[in-house]
Each structure stands twice: as structure tokens, then as C-alpha cells.
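Below you'll find the structure, written out as C-alpha cells, and then a few comments.
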Amino acid sequence: GLAVGEAIAAAKVCRIQSSRQLGRFKEGSILVTEMTDPDWGPILKKTKGIITDLGGRTCHAAIVSRELGIPAIVGTGEATKVLRDGQEVTLSCAEGDEGFVYDGLLGFAEEKVSLKKVPKTRTPIMLNIASPGGAFRWWKLPCDGIGLARIEFIIANRIRVHPMALAHFDELEDREARRRIDNLTRTYKEKGDYFIDKLAQGIAPIAASQHPRPVIVRLSDFKTNEYAALIGGEQFEQHEQNPMLGLRGASRYYHEKFRDAFRIECEAIKRVRNQIGLNNVIVMVPFCRTLGEADKVLCELAANGLVRGRRGLEIYVMCEVPSNVVLAEKFGERFDGFSIGSNDLTQLVLGVDRDSAGLAELFDERNEAVKNVVREVIRAAHKVHCKVGICGEAPSDYPEFAAFLVESGIDSISINPDRFIETKKIVAKAERKRK
């Protein structure tokens with residue numbers, strides 16, 4: 012399968028076939044499963060490594076393993092059939108792009124690197140972070156802030172409840188969901204305050220870990236199937252054939268059905284910035300398809316007290332849809348910055364399902380078509396004096412892609428923490444060549 016990270020782990024296999032079996036997971040094991048989900052967070056923190064049948068370099072298991080600093084092998088096709096529960100194995104991601112699983116507990120050496128030897132770069136190198144634990148695990152790295160703070164993990168693991176089930180609790184029909192929500196929110200007068208409080212408590216430590224350096228918080232970008240998996244979620248979500256291209260990101264924020272959910276999300280961000288005082292938080296809008304959608308989202312943000320320019324608030328937009336590139340100058344006039352999401356952008360430029368193990372070799376950010384659109388958005392953004400960075404997996408996965416970004420004039424690079432030191436070296440070398 013595909014190797015994620017560069018670490019090695021040796022432990023017993025714990026095979027989990029579905030979320031119903033999570034209770035039998037043994038701490039310190041290597042998790043072997045078909046595919047992980049966002050609500051598996053608690054057990055992923057206890058595993059030494061992950062092996063999946065499905066998925067590619069941008070799947071959930073790959074993203075989480077990078078943040079936790081553990082090795083993962085994804086898209087093996089048959090790990091759940093070949094590996095036995097309790098079998099002792101050694102998982103290696105230290106041998107190139109391909110990951111290997113060896114029978115038995117093999118010995119290996121660990122290399123220690125002094126942070127004092129990490130080279131300085133003109134290009135800011137930031138981190139991709141998904142949880143407060145991840146922020147404090149990696150805070151000692153001499154980075155320039157957080158270029159992508161994902162809040163989906165906070166919602167899935169800390170809040171666990173669909174925001175609409177809180178905002179419209181009286182309309183909730185599922186008795187078991189009502190009981191669970193009552194139990195979680197028993198100390199709150201208003202159900203929505205639970206969401207605001209827990210989300211603010213999750214974002215604030217991430218922002219504090221880097222203050223006063225910038226922390227770019229991406230607004231929620233769950234797909235409908237992921238929202239439906241939250242407590243009380245099934246009542247509020249429609250089934251979609253292709254959630255990846257469905258009601259997600261920006262399109263939800265102004266949608267009549269989900270406005271109340273977005274309102275309490277904005278309240279949490281306001282609390283972090285205005286009450287707690289972490290004004291280094293930058294808001295970022297994901298999956299914004301059209302200029303009209305951009306205008307609607309900015310109006311919705313303003314209506315909820317998040318006004319671009321007020322109290323120093325900057326609002327960025329993800330560049331992950333081809334229309335963001337084609338109309339880059341016009342998008343750039345509406346926002347303070349772009350952050351290239353190379354995962355979705357590659358998927359949509361090449362027409363390849365990024366989570367398909369069978370198409371993994373076609374999903375490649377180094378493809379000339381992808382590199383051309385990256386160059387174009389950098390050029391167009393700079394033309395209208397708009398900053399442009401990148402927060403996808405490409406610079407973490409491919410050292411040569413980080414060098415390409417420097418040559419193209421990128422303003423910042425945000426990468427997975429486990430690739431920080433190596434990326435700093437690559438960027439420093441590329442900058443010396445560019446002089």
C-alpha cells in the first residue's frame with residue numbers, strides 16, 4: 012500500500028471491521044481496518060500505526076496519522092484478509108513511497124534531529140493541525156503559524172452532535188438522540204451554547220499554541236454523510252449519491268436549512284477572537300464554487316458579526332475548485348488570501364476520486380495540468396495583491412513539489428508536522444537556487 016509518513020511501528024494487530032467494534036480495540040495495537048471515519052478519533056490516539064484496505068494519500072487515516080506522528084499504510088486492498096487479529100507485525104513507512112508490513116516484531120533505530128539545525132527560510136512554513144492535542148504536540152517546531160486548522164475533528168470527537176439537532180432540539184424526532192443530547196448538554200441553559208462552548212474550547216488552544224503568529228481556521232467542511240453520522244444528524248441530512256460534490260462547505264452557510272448551524276459556528280469563532288482575545292485567528296471559507304456564493308457567504312459572516320477588516324479580521328478562501336483558478340482575480344478582490352487545497356483541486360482538475368485505491372497512481376499533484384493551475388492562481392492572486400499559500404498534502408508527500416512552489420512564488424506553505432523539518436531543508440535549498 013501507500014506509505015504515509017516515515018515512521019516505523021512494531022506491535023500486535025487489532026482488526027476492526029466496523030464502528031460497532033471500536034470498544035474491543037486494544038491500546039498500543041496496530042489498527043487494521045477497511046477505512047477509518049472521523050468519529051474514530053479516540054482510538055486513533057491510542058494506536059501505534061494504521062493499515063487500511065481502502066483510501067489514498069488524502070484519506071482520513073492518512074491525514075490523522077500525519078498529525079499524530081504515527082505510520083500508516085493505506086489502500087493495501089487486502090490487509091483485513093491477510094493480517095490476523097493478535098499477529099505481531101512491524102509496519103514500515105521508512106522505505107519510500109510504498110509501505111511494508113513484516114511478520115514479527117523487528118528492531119529498528121530512531122534518529123533524533125536538533126531543532127537548532129533547522130534552516131531558516133524566507134517563505135513562511137506553517138503547520139496543518141486538526142486538534143488541540145496536535146497543536147501542543149508540535150508547538151516546539153519553529154514554524155510560522157498554522158496554515159490550516161481543521162475543525163471537523165473537534166466537532167466529531169468533542170461535540171459529537173449535529174448543530175441543527177441543537178439549534179432545533181424541539182423538532183428532533185429520534186428519542187435516543189434526544190436522550191443523548193440531553194445528557195451531553197445538561198449543564199447548559201440553551202442547547203446551542205453547548206456547541207459554541209465546545210467548539211471555542213477546541214479552537215482556542217490551537218490559536219493559543221501559536222499566538223501571535225497567524226492561525227487559519229477553516230470553517231466546517233463535513234460532507235452530508237459525515238454530518239448524518241453525528242448525533243441527531245440523520246433527520247437533517249439528505250442522502251446524496253456523491254457527497255464529495257454535494258452540499259458541503261460554502262453552500263451550507265447561506266442555505267436556508269442550515270443557516271442556524273452556521274450561526275452558532277460563527278458565535279464560537281467570535282468568542283475565540285473577541286472574548287478570549289486570540290485575534291490571530293483568520294477565517295477561511297472552503298469549497299466556494301462561484302463569485303455569487305462568495306458574496307453570499309461574506310454577507311452571512313457579516314450578519315453573524317464576522318466582518319472582513321473589523322477588529323483586524325482577515326477572511327481567506329480555499330482554492331480547490333477549478334472556478335477559483337479561472338476567476339482568481341475576482342475571487343482575490345473579495346478575500347484577503349487564497350489557500351490552495353491541492354487534494355480537492357487535483358481531484359477536480361484530473362477527474363480522479365482522491366480516495367480510490369484503484370486510481371491512486373493517477374492522483375498526482377505533480378501532474379503538469381495541476382502544476383499549471385497552481386502557477387496560474389499564484390500569478391492572478393499577486394496581480395490583485397492577494398496572498399496565496401497552500402495547505403494540501405502535496406508539499407508533505409513530494410519534496411520536489413515544495414521546491415516547485417518556491418520557484419512559482421508561493422507566499423507560504425503549510426504542511427503536515429511530520430514533514431516540517433524536511434520541508435524546511437528543501438525550501439531553503441530552493442530559495443538559495445532562486446537568488
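Heads up: the sequence shown begins at 12 in the numbering used here, then just goes up one per residue.
Heads up, the beta-carbon is just placed ideally off N, CA and C, and yes, glycines get one too.
Applying the 10 Å Cβ sphere with the 16-neighbour rule, what's the burial state of residue i?
i: A73; result: buried
i: S29; result: exposed
i: R161; result: buried
i: E201; result: exposed
i: C299; result: buried
i: D96; result: exposed
i: K394; result: exposed
i: T58; result: buried
i: Y238; result: buried
i: A392; result: buried
i: E7; result: Coverage of the chain is limited to positions 12 through 446, which leaves residue 7 absent and any answer about it impossible.
i: Q221; result: buried
i: D429; result: buried
i: F187; result: For clarity, residue 187 is Glu in the given sequence; the question names Phe instead. Label assigned to E187: exposed.
i: H4; result: Past the boundaries of the shown model lies residue 4; the chain is included only from 12 to 446, so the question cannot be answered.
i: L126; result: exposed
i: C330; result: buried
i: Q252; result: exposed
i: Y113; result: exposed
i: G88; result: exposed
Would you kindly check if the distance between the Cβ of residue j and the Cβ of residue i is under 8 Å?
i: P174; j: R229; result: no
i: F431; j: C154; result: yes
i: A371; j: G86; result: yes
i: K435; j: P130; result: yes
i: R322; j: N354; result: no
i: I214; j: A141; result: no
i: A21; j: L117; result: yes
i: I437; j: G403; result: no
i: V388; j: V399; result: yes
i: F342; j: L317; result: no
i: L210; j: I157; result: no
i: L177; j: Y205; result: yes
i: R77; j: S407; result: yes
i: N192; j: G243; result: Position check: residue 192 holds Ile in this sequence, whereas Asn was assumed. In contact: I192 and G243 (Cβ atoms closer than 8 Å).
i: C310; j: G348; result: no
i: I326; j: L312; result: yes
i: K23; j: E99; result: yes
i: L356; j: V384; result: yes
i: L138; j: I401; result: no
Based on Cα-Cα distance, which residue from the options lies nearest to residue i?
i: R386; options: S334, L416, D155, I287; result: L416
i: W483; options: N194, K200, A218, G86; result: Shown here, the chain extends from 12 to 446; a query on residue 483 therefore has no answer.
i: M255; options: I227, C397, R365, A211; result: R365
i: I287; options: T301, A178, Q212; result: Q212
i: E276; options: A21, L117, V172, K394; result: V172
i: L373; options: V363, L116, Q98, K382; result: V363
i: M46; options: L65, C402, R190; result: L65
i: G12; options: S142, I351, G303, E109; result: E109
i: Q246; options: A368, H179, S220; result: H179
i: G39; options: L55, K398, S231; result: L55
i: R224; options: A261, L152, L356, R259; result: L152
i: F233; options: T198, Y205, D208, F269; result: F269
i: V332; options: D48, L361, G316, R319; result: L361
i: T196; options: I166, I170, A240, G88; result: I170
i: L79; options: K92, I61, G88, E89; result: I61
i: G257; options: N236, R274, F111, E379; result: N236
i: G34; options: P53, Y205, K23, D48; result: P53
i: G144; options: G156, M137, F164; result: F164
i: K123; options: A18, N194, I227, V112; result: A18
i: R274; options: R259, E248, G203, S334; result: G203
i: C104; options: R345, K440, R68; result: R68
i: L102; options: P82, G88, V308, T91; result: P82
i: N168; options: A240, R148, A439; result: A240
i: A14; options: Y409, S425, N383; result: Y409
Tell me residue i's beta-bridge partners as DSSP assigns them.
i: C25; result: L42
i: N354; result: N354 pairs with nothing; no bridge assigned.
i: T8; result: Since the first residue shown for the chain is 12 and the last is 446, residue 8 is missing from the structure and cannot be characterised.
i: C277; result: According to DSSP, C277 bridges with nothing at all.
i: K398; result: G348
i: N139; result: L159
i: A83; result: V15, I61
i: Y409; result: For Y409, which the question treats as bridged, DSSP gives no partner whatsoever.
i: A20; result: L102
i: M295; result: R229, Y327
i: V172; result: I242
Any heavy atom of the ligand SAM closer than 7 Å to the Cβ of residue i?
i: S30; result: The model on display carries no ligand, and the ligand SAM is accordingly not part of it.
Quiz item: Mind pulling the beta strand (DSSP E) runs of 3 or more residues that sit fully within the stretch 186 to 253?
Solution: 226 to 229
Practice problem: Give, in chain order, every unbroken run of the alpha helix (DSSP H) that is at least 4 residues long and sits entirely within the stretch 420 to 446. | Solution: 431 to 445
Quiz item: Can you list the alpha helix (DSSP H) stretches of 4 or more residues lying completely in the stretch 92 to 148, in chain order?
Solution: 143 to 148
Quiz item: What residue ranges within the stretch 357 to 396 form continuous alpha helix (DSSP H) runs of no fewer than 4 residues, ordered along the chain?
Solution: 379 to 394
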